[in-house]
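**Student:** Take a look at this one; I'll ask things after.
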Amino acid sequence: MTTSYPGCGQCTEDGAEDRPPVEDDACDGHLVHAVADGDKDALSRLFARHAGPLFAHLLNRGFPAQTVEDAVQETFLTVWKSASGFHEGSVPAWLRRIAHCRAIDLERTAGRQRALEDRARERTPASACAAPSAEDCLLASSPRYAAIAYALAGLPAPQREVIELRYLQHFSVRETAERLAVPEGTVKARAARGCARLREWIVAQGKAEASDGVRGSSGSGTGEGGGHDRDRVPRPRP
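The sequence shown maps to residues 114 to 351 in this note's numbering.
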């Protein structure tokens, strides 16, 4: 592995070619090029050196703390994947550009999520038995759908993993495929099958609530068939 890189000031000093790849005092450019060669220790050194300043930089730009934390993490994931694209210049400035773009992307995603939640809360079912889509239930914050976790637990693990990444953690199809190491087509197929099964459960739950409501209106609500049955949560399948 070469230890001299274009644009690396320390690498042009006398005797720099004899240095190990990632000395404690290695310059930023040297570390980035070492990361491009697959050196995880160099990435750790970059993180230790620049994560704090990046965090402060984004906070000073007005981004929320949670967004900042996620953006800093994604910045170094980007560095690990694309360090070979850095050739020369200021590494701190390069990292700040990446972090700022990641923070903007995260805020846009959060904004779209808030808009979806607002629409889901405002949507009125067409009838007592009408059920929103599985996707809406996963995105909605209404307490009515708190039991969705039980339905998720009943899905096969491959479908559950895809749905949790796509609709709860807001990963794209490509990101989900990369995380699970499967083709994008597989991600789409698993999501479709999982949402179909969730939708079946939601429709059945809606019908059960409507039926229990009718029975409860004609009785005391405390005996057999009373209104309390509608609060039961289905036991997840093994």
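Here a beta-carbon is modelled for each residue, glycine too, at the ideal position from N, C-alpha and C. The model shown is predicted, which means the values in this text are computed figures rather than measured ones.
(1) Hey, how far is the Cα of E297 from the Cα of V181?
(2) In whole angstroms, what separates the C-alpha of A228 from that of A304?
(3) Around the C-beta of D141, are 16 or more other C-beta atoms found within 10 angstroms, so that it is buried, or is it exposed?
(4) Do you know how far the Cα of R312 is from the Cα of L167?
(5) Taking only three categories from DSSP, how would you classify S285?
(6) Going by C-alpha to C-alpha distance, which of I217, L265 and A270 sits closest to W314?
(7) How would you call H200, buried or exposed, if buried means at least 16 neighbouring beta carbons within 10 angstroms?
(8) Residues in the same chain with beta-carbon distance under 6 Å from T191, minus the five sequence neighbours each way, listed in chain order, please.
(9) Please name the residue, chosen from A196, A233, A290 and T222, that lies closest to K153 on a Cα-to-Cα basis.
(10) DSSP state of V316, grouped into three classes?
(11) Over what stretch of residues does the alpha helix (DSSP H) that includes A184 continue unbroken?
(12) Helix, strand or coil for L293 per DSSP?
(13) Locate the alpha helix (DSSP H) running through F160, then write down its first and last residues.
(14) In this structure, how does DSSP classify G202 when only helix, strand and coil are distinguished?
(15) If we count the other Cβ atoms within 10 Å of its Cβ and call it buried at 16 or more, is F284 buried or exposed?
(16) Could you spell out the range, first to last residue, of the alpha helix (DSSP H) harbouring P271?
(17) Looking only at C-alpha atoms, which of Q282, T299 and R174 sits nearest to R225?
(18) Looking only at its chain, what residues have a beta carbon closer than 8 Å to the beta carbon of L268, apart from the 5 residues adjacent to it on each side?
**Tutor:** Based on what the coordinates show:
(1) 29 Å
(2) 22 Å
(3) D141 is buried by the Cβ-count criterion.
(4) In this structure, the alpha-carbon of L167 lies about 43 Å from that of R312.
(5) Correct three-state label for S285: coil.
(6) L265
(7) exposed
(8) I211
(9) A196
(10) helix
(11) A178 to S195
(12) It is helical.
(13) K153 to N173
(14) coil
(15) buried
(16) A270 to I276
(17) Q282
(18) I276, G307, R310 and L311
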